[in-house]
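For reference, the structure is listed below as structure tokens.
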Amino acid sequence: MVQRGEITDRAWQEIEPLLPEYGQSGGQWRDHRTVVNGILWKLRTGSPWRDLPERYGPWQTCFDRFNRWRRDGTWDRLLAHAQTKSDAVGEVEWEVSVDETLIRAHQHAAGARSEPSEEDPKGGS
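Numbers 1 to 125, taken from full-length UniProt numbering, label the letters of the sequence shown in order.
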């Protein structure tokens, strides 16, 4: 049973071929789908890796694979595939419209002077 926030069967069919082969050395590798679901849980909740629920396996496995796939470009390939596929079926809106609402930033956000001037010895603007 797919739990909230986990990869659906349809989505899994799309991404599984894009994932690296299982490792050859060491013992039994944890299923990629379980690990991906664990990584998604961690990213969705913002919880520490060590709080990963047991159903996703050891937190170290999810952490290691997340980092390994970041280094080898797996996440970039998955994102590019999702963007290309979604664009091909018209699910991506490439035009962004910004209205004319005025948004004011605090003076320090705009790079206000930080050194005192002759007119204002306290450094304000």
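We put the CB at the ideal spot given by N, CA and C, even for glycine. Bear in mind the structure is a predicted one, so any value in this text is a computation, not a measurement.
In angstroms, rounded to a whole number, what distance separates the CA positions of Tyr22 and Arg30? 9 Å
Is Leu52 near Trp69, with beta carbons less than 8 Å apart? Contact: no.
Sequence-distant residues of its chain with Cβ nearer than 8 Å to Asp9 (five each side left out): Val2
Cα separation between Thr34 and Lys85? 24 Å
Use the C-beta contact count for Glu16: other C-beta atoms within 10 angstroms, 16 or more gives buried, fewer gives exposed. Burial check for Glu16: the Cβ neighbour count within 10 Å stays below 16, so the residue is exposed.
Can you tell me which of the three DSSP states Pro48 falls into? coil
Under a three-way DSSP split, which group does Arg10 fall into? Three-state result, Arg10: helix.
Count the other CB atoms, across all protein chains shown, that sit within 10 Å of the CB of Glu54; report buried if there are 16 or more and exposed otherwise. The residue in question, Glu54, is exposed, as its Cβ has fewer than 16 Cβ neighbours within 10 Å.
What does the alpha-carbon distance come out to for the pair Thr74 and Ile39? The alpha-carbon atoms of Thr74 and Ile39 are separated by roughly 14 Å.
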